[in-house]
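So the structure is just underneath, and the comments pick up after that.
Numbering (the working numbering), first residue to last: 4 to 548.
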C-alpha cells in the first residue's frame with residue numbers, strides 16, 4: 004500500500020508501512036492466491052463439517068450433549084478470541100511466516116482430533132484440540148488475507164480479493180456435503196481431510212516465493228489476554244447454564260466476569276498507542292449498524308448448521324448424507340440471494356439489502372420453526388430457502404460496507420485489511436459462539452422439560468421421569484438417525500414413548516429456531532440505524548469481504 008507510510012495516525016506519528024512491495028517478477032501471483040485459498044478453505048469448511056458428524060462422534064465416544072456442543076463451539080470461540088491477535092502477529096512477524104505457522108498448528112490439531120482415543124479422556128481431548136484448531140485458523144486467516152493484498156498491485160487487487168472472499172466463503176457449503184460423505188466411512192475423516200489440504204497449501208506457498216515482511220512495533224499483550232478471557236468466560240457461563248443452572252453463582256460469575264473483562268479491554272484499547280483492535284472506528288454510525296446486524300445475524304447463521312444437522316438426523320431420522328442435503332436446501336436460498344445482495348449494495352448502498360435480508364430471514368426462520376414438528380422436509384423446504392435467502396442478502400453487504408467505511412473514514416486509525424477484518428471477523432465469530440452457547444442451553448432445557456412432561460403423562464413418577472429424561476437428552480445427539488435410547492429407566496420405556504421423544508426433541512428445536520428468528524428481528528431493527536449513505540470513494544485497497 005503505497006500511501007500507508009504517508010498517512011499520519013491520530014497521535015501525529017506516521018503509520019508504518021503495511022508491507023514492502025515485492026520486486027517485479029519475484030512473486031507468482033496465481034500460486035500465491037491459490038495457496039491462500041487452499042489454506043483458508045480449511046477454516047471455513049471446519050465451521051460446518053463437524054456438525055454433520057456430531058451424532059456419530061457423540062455415540063462412539065460417549066460425549067454429553069454439552070460436550071458435543073463444546074466440540075463445535077471451542078473452534079468458533081478460539082477463532083474469535085485470537086483472530087485479532089493473529090492479525091497483529093502477522094503484521095509484526097511477517098505474513099508468510101505466520102500463515103505457515105497457523106497452517107502447521109491447524110493441521111497438527113486436526114490430526115490429533117481425528118486420533119482422539121476412546122474413554123474418559125475423549126471429551127477433554129477433542130475440545131482442547133478443537134480450540135487449538137481455532138487458534139491455528141486465527142493465525143492463518145488474517146495472514147493469508149494480508150498476503151493477497153501484499154502480492155497483488157492496486158489495479159488487480161480488488162478482483163483478487165473478490166475471488167478470495169467469494170470462493171473461500173462458498174466453501175462453507177462444502178462442509179455439510181463433504182461431512183456427510185466422509186462420515187459414512189468414519190467420522191474421524193472429517194478432521195483427517197485437512198492433512199492433505201494443508202500439505203498442498205504449504206507446497207504452493209513455498210513455490211509462490213512470497214517475500215518475507217514484518218515491522219517493529221509493540222504487541223498489546225494485555226489486550227490479547229483480556230479479550231480472550233472475556234470472550235471465553237462469557238461463553239462458558241452461557242453454555243454451561245443448562246448444567247449449572249441459571250441460579251448458580253458459577254454461571255453468573257462467568258457471564259458477568261467475562262463481560263466486565265471485555266469492558267476493561269475496550270477502555271484499554273482506547274488508550275493504547277498500538278491497540279489489538281482499533282475502537283475509534285465505532286464512531287461511525289453506519290459502521291456500528293453494519294456490525295450490529297452482523298452480530299445478530301451470525302448468532303443464527305453458524306449455529307443453524309449444528310442444530311439443523313442434529314435435528315435432521317434425530318427428529319427426521321436422516322443419514323449424515325441426507326442431513327447434508329437438508330442443509331444444502333438452506334444454501335440454495337443463500338447462494339442465489341448473496342448475488343442479489345451484492346448488486347443492491349453496488350446500486351443502492353447497504354441499507355436496503357440489510358433491511359430486506361433481515362426481514363426475510365426473520366420470517367423464514369420463524370416459519371421454518373413453526374413447521375419443524377411436522378417432521379417432514381416437504382413441509383419445511385420453502386421456509387428453509389427463505390431463511391437462507393435472508394442471510395445471503397445481508398451478509399456480504401454488511402461485511403463489505405463495514406470494511407469500506409472503516410478503511411475510508413479512518414486512514415489515521417486503520418491502515419490495513421488485517422486490522423479492519425480483525426474487527427468484523429472477531430464480532431462474527433464471537434456472535435456465532437454466543438449463539439451456539441445460548442441456543443444449545445435453550446435446546447437442552449426445553450427438550451428435557453418436554454420429555455419429563457411426556458413421561459409423567461404416561462404414568463411415570465416425577466423422579467423417574469427426570470432420570471429418564473436426563474438419559475434421553477444426553478443420548479439424543481448421538482443417534483445418527485437411529486431410534487433414541489437411554490440407560491437405566493429409559494431403556495425400559497416402550498417404543499411408542501421413545502417415538503414421542505423425537506417429537507419432544509423437534510419441539511425443543513422449534514424453540515431454538517424461533518430464537519434465531521428473534522435474532523434476525525433484532526438485526527432488522529439495527530438495520531434501521533444505518534443512515535443509508537453510500538461509500539462513494541473507497542481507499543485504494545478496499546475490496547469485498
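A virtual CB, placed ideally from N, CA and C, is assigned to each residue, including glycine.
Remember, predicted model here, so these are calculated numbers, not experimental data.
Taking a 10 Å sphere around the C-beta of residue 453, we find 16 or more other C-beta atoms and assign the residue as buried. Residue 366 and residue 406 have their alpha carbons spaced roughly 28 Å apart. Residue 134: member of the alpha helix (DSSP H) spanning 125 to 154, first to last residue. With contact defined as three or more Cβ pairs closer than 8 Å, the region 386 to 395 and the region 56 to 73 are not in contact. With a cut-off of 8 Å on Cβ pairs, the region 507 to 525 is in contact with the region 296 to 310, counting three or more such pairs. In the DSSP annotation of this structure, the continuous segment of the alpha helix (DSSP H) that includes residue 354 starts and ends at 353 to 373. In summary, residue 272 is buried, with 16 or more beta-carbon neighbours lying within 10 Å of its beta-carbon over all protein chains present. The closest CA to that of residue 335, considering only 319, 347, 386, is found on 386. Of all alpha-carbon atoms in 314, 225, 287, 515, the one lying nearest the alpha-carbon of residue 276 is that of 225.
Taking every protein chain shown into account, the CB of residue 266 has fewer than 16 other CB atoms within 10 angstroms, so this residue is exposed. At a Cβ-Cβ threshold of 8 Å, residue 81 and residue 147 do not count as neighbours.
Counted as a single uninterrupted DSSP element, the stretch harbouring residue 285 is not any alpha helix (DSSP H), since DSSP gives it neither H nor E.
Taking C-beta atoms under 8 Å as the contact rule, residue 529 and residue 295 qualify, at a distance of about 4 Å.
For residue 76, the enclosing alpha helix (DSSP H) starts and ends at 68 to 96.
Across the structure, residue 356 and residue 290 are spaced so that their CA atoms are roughly 15 Å apart. Distances from the CA of residue 88 to each of 428, 473, 449, 514 were compared; the closest alpha carbon is that of 428. Rounded to whole angstroms, the separation of the alpha carbons of residue 448 and residue 285 is 36 Å. Note on residue 354: 16 or more other CB atoms within 10 angstroms of its CB, so buried under the neighbour-count rule. Residue state for residue 535 is assigned as coil, using DSSP reduced to three classes. The alpha-carbon of residue 361 is positioned some 21 Å away from that of residue 375. In this structure residue 75 is not in contact with residue 144, their Cβ atoms being roughly 18 Å apart against a cut-off of 8 Å.
Rounded to the nearest angstrom, the gap between the Cα atoms of residue 331 and residue 505 is 23 Å. Cβ atoms of residue 152 and residue 160 come within 8 Å of each other, at about 6 Å.
C-alpha of residue 110 to C-alpha of residue 351: approximately 42 Å in a straight line.
Separation of the CB atoms of residue 113 and residue 168 is rounded to 23 Å, and the pair is thereby denied contact status at 8 Å.
Our two residues, residue 187 and residue 181, have alpha carbons roughly 10 Å apart in a direct line. Secondary structure at residue 122: coil, using DSSP grouped into helix, strand and coil. Assignment of residue 223 by DSSP, reduced to helix, strand and coil, places it in the coil class.
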